[in-house]
Amino acid sequence: MLGPRGTGGADVVVVVGSGGGSGRSCGGGSSAGKVCEREAKDVRVQRQLPFYPDFDGCVPLAASAREPPSGSRGATSARENHTSRGIPGTLVGLVSGVENELNGRAIGRSVGRSRRRAGAMWPGVPLLLVLLAVLLHPSRCTQPKVNFREKEKQVLDNILGPGRYDARIRPSGENGTDGPTNVKVNIFLRSISKIDDYNMEYSVQLTFREQWLDERLRFNDFGGKLKYLTLTEASRVWMPDLFFSNEKEGHFHNIIMPNVYIRIFPHGSVLYSIRISLTLSCPMNLKLYPLDRQTCSLRMASYGWTTDDLVFLWKEGDPVQVVKNLHLPRFTLEKFLTDYCNSKTNTGEYSCLKVDLLFKREFSYYLIQIYIPCCMLVIVSWVSFWLDQSAVPARVSLGVTTLLTMATQTSGINASLPPVSYTKAIDVWTGVCLTFVFGALLEFALVNYASRSDMHSDNIKKQFPQNEMEHSSSIDPSSELLEPDGSANFAMKPLVRHPEDSMSMDKLQQCEIHMQPRKKNCCRSWLSKFPTRSKRIDVISRIFFPIVFAFFNLAYWSTYLFREDEGQE
Numbered sequence: 001m002l003g004p005r006g007t008g009g010a011d012v013v014v015v016v017g018s019g020g021g022s023g024r025s026c027g028g029g030s031s032a033g034k035v036c037e038r039e040a041k042d043v044r045v046q047r048q049l050p051f052y053p054d055f056d057g058c059v060p061l062a063a064s065a066r067e068p069p070s071g072s073r074g075a076t077s078a079r080e081n082h083t084s085r086g087i088p089g090t091l092v093g094l095v096s097g098v099e100n101e102l103n104g105r106a107i108g109r110s111v112g113r114s115r116r117r118a119g120a121m122w123p124g125v126p127l128l129l130v131l132l133a134v135l136l137h138p139s140r141c142t143q144p145k146v147n148f149r150e151k152e153k154q155v156l157d158n159i160l161g162p163g164r165y166d167a168r169i170r171p172s173g174e175n176g177t178d179g180p181t182n183v184k185v186n187i188f189l190r191s192i193s194k195i196d197d198y199n200m201e202y203s204v205q206l207t208f209r210e211q212w213l214d215e216r217l218r219f220n221d222f223g224g225k226l227k228y229l230t231l232t233e234a235s236r237v238w239m240p241d242l243f244f245s246n247e248k249e250g251h252f253h254n255i256i257m258p259n260v261y262i263r264i265f266p267h268g269s270v271l272y273s274i275r276i277s278l279t280l281s282c283p284m285n286l287k288l289y290p291l292d293r294q295t296c297s298l299r300m301a302s303y304g305w306t307t308d309d310l311v312f313l314w315k316e317g318d319p320v321q322v323v324k325n326l327h328l329p330r331f332t333l334e335k336f337l338t339d340y341c342n343s344k345t346n347t348g349e350y351s352c353l354k355v356d357l358l359f360k361r362e363f364s365y366y367l368i369q370i371y372i373p374c375c376m377l378v379i380v381s382w383v384s385f386w387l388d389q390s391a392v393p394a395r396v397s398l399g400v401t402t403l404l405t406m407a408t409q410t411s412g413i414n415a416s417l418p419p420v421s422y423t424k425a426i427d428v429w430t431g432v433c434l435t436f437v438f439g440a441l442l443e444f445a446l447v448n449y450a451s452r453s454d455m456h457s458d459n460i461k462k463q464f465p466q467n468e469m470e471h472s473s474s475i476d477p478s479s480e481l482l483e484p485d486g487s488a489n490f491a492m493k494p495l496v497r498h499p500e501d502s503m504s505m506d507k508l509q510q511c512e513i514h515m516q517p518r519k520k521n522c523c524r525s526w527l528s529k530f531p532t533r534s535k536r537i538d539v540i541s542r543i544f545f546p547i548v549f550a551f552f553n554l555a556y557w558s559t560y561l562f563r564e565d566e567g568q569e
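In terms of full-length UniProt numbering, the sequence shown is numbered consecutively and its last residue is 569.
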């Protein structure tokens, strides 16, 4: 620091050491004056950009450049007292820096007039520089971080230590009463892999969660820094004795690690989560198969605790979640419903929850695999109606092949379904289609019989043509009243056949008989175009079979497609 001029006219410079030692004076020589001037300049730079490492790395710089005067020792001791009381080092360092700055100003009064005027014009610049340095270096002022993992271990040892917690005793009721423990349940359905109609079961993978309050597990959260504790051993805390009542098979998932955890929250709430795969029974009503809807349930109940000790509740809001884009092979999940199913036995009443999953069977699969092939087989069997009646091998092979194919398909359909005591919709369809195919084969048998009868009649006519001529000439002339097309109601016969009759022919000639001709029938006139009975049977079958099959389809689809499912009612 520069002092006042000496008597010899040279500048006297007082240099303050960094260690707080006594300063030294510089004479009036030129070289010595330059050296002292540089040292004084370094001191001024240090005062402007201070750094003081005594208080956690953040202290004003004024104290680092000089030793405070004796008058500031009381302030230093007070500063140490403040530090011991827990006042942050940064604040104490700031106060000490201001004090040292004031002391430095007292010493700098011996500087020349020009420097005193400059210091008087900018009295607050050093203090502003100190504040700016503190703001620009906040990382040096932070306190050491706390390792909350060690705190978590200490809390776990404290609440679950020997003699502190007994997992065999259930938690108390609400507000510390002796009422039942309420356990809230929610489920996340991850996948539904299989719905087996034959065994009447379905497989599902889900994440199962339970949550309850155990006030014995409360702990200090350190001002919100410790949000929850995590356990992987469920045996260390009390657990509800829930089981799935309609379960056939099930297993936990242990790859790569067991998919289970327990979270304990500061207020004592416990969250248990586990991923499991289950095969559950699903009784089905197959009367409308494959146009049916099925309801499969997921039931959860308490095994040992009655409702006096344990009550299961669905979580508020959304207790059941389903993964997005859930795809099933032959079904669609339409909706699901949650409900309660408490059961009473000889040992008491037990709490129970259930989820009803409503599945709709995909009809497009069965339309392609069953209904369309059956229709095609029936139509193919009608081709024999258009074949010549003399093509016996072709018609027989066609009828037998379609009949065997239809029987094989019916057997395959029934093989995938359980044997039940009632008739299913698919049984009606396959039975009627099989009847139509069998009817086409019987029709050929009838046509073949009629064809042989016609041939036999033709042979008889060829063998006895003379008898026919005599028979036709024996008809009385009065029968000519008949119409050539046979439209008269009856044929006139001679009224007098023996000479002993009293009536004469003259009187008969005076009698007039008026006959009403028969009405013409378009169908009979159309069938008269076909000379043989076998041909007429084929023609009638070509029309009769398709019309009857069309009426059957109309009745079938109106009955089963738009009817309410009796099983859902």
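In this text, a Cβ means the ideal position worked out from N, Cα and C, and glycines have one as well.
Scanning the stretch 314 to 375 for uninterrupted beta strand (DSSP E) segments of 3 residues or longer gives 320 to 322, 331 to 340, 343 to 345, 348 to 350, 352 to 361, listed from N- to C-terminal end.
Rounded to the nearest whole angstrom, the C-alpha separation of A440 and F549 is 12 Å.
Contact check for L353 and Y560: beta-carbon distance about 35 Å, past the 8 Å limit, so the pair fails to qualify. Taking C-beta atoms under 8 Å as the contact rule, R263 and L229 qualify, at a distance of about 7 Å.
For A234, there is no enclosing alpha helix (DSSP H), as DSSP marks it with neither H nor E.
In this structure, DSSP gives S421 a state outside helix and strand, which the three-state scheme calls coil.
Under the three-state reduction of DSSP output, S416 falls in the coil class, being neither helix nor strand. Shown here, I379 sits in a helix according to DSSP, grouped into three states. The shortest CA-to-CA distance from K153 to any of S193, G173, L231 is the one to L231.
If you draw a straight line from the Cα of R164 to the Cα of T306, it comes to about 27 Å. In the three-state DSSP reduction, L446 falls in the helix class (H, G or I). Between the stretch 374 to 382 and the stretch 538 to 552, the count of C-beta pairs closer than 8 Å reaches three or more; the two stretches touch. In this structure, the straight-line span from the alpha carbon of T410 to that of T430 is close to 6 Å. Rounded to whole angstroms, the gap between the alpha carbons of S273 and A234 is 10 Å. M200 places its beta carbon 9 Å or farther from that of S297.
At a Cβ-Cβ threshold of 9 Å, V270 and A167 do not count as neighbours. DSSP, reduced to helix, strand and coil, places M257 outside both helices and strands of the structure shown, so it counts as coil.
When the beta-carbon positions are compared, V437 and L403 come within less than 9 Å of each other. The alpha carbon of M257 has as its nearest neighbour, out of R275, N147, V383, the alpha carbon of R275. Residues of the same chain with a CB within less than 7 Å of the CB of S384, apart from the 5 flanking positions on each side, are R395, L398, G399, A440, F444 in chain order. Under the three-state reduction of DSSP output, R542 falls in the helix class. Spatial neighbours of L337 in its own chain (CB-CB distance under 6 Å, excluding positions within 5 residues in sequence) are listed in chain order as D356. Proximity to Y202 across F208, E247, N158 peaks at E247, based on C-alpha coordinates.
E210 sits buried, since 16 or more C-beta atoms from the chains shown fall within 10 Å of its C-beta. Ranking F219, D241, T423 by CA distance to the CA of R170 puts D241 first. DSSP places C282 in no beta strand (DSSP E); its state is neither H nor E. For T207, the enclosing beta strand (DSSP E) starts and ends at 201 to 213. Across the structure, E249 and I192 are spaced so that their CA atoms are roughly 14 Å apart. One alpha carbon belongs to Y449, the other to W382, and they sit about 19 Å apart.
Between F265 and K315, the C-beta gap is not smaller than 9 Å, which leaves the two residues out of contact. With fewer than 16 other CB atoms across the displayed protein chains lying within 10 angstroms of its CB, A415 is exposed. Pairing Y303 with G348, the inter-Cα distance amounts to about 11 Å. Remark: C-beta atoms of L313 and L206 do not approach each other more closely than 9 Å. Short of 6 Å from the beta carbon of I372, and not among the five residues preceding or following it, lies no beta carbon of its own chain. The shortest C-alpha to C-alpha distance from N553 to any of F252, H251, A425, R536 is the one to A425.
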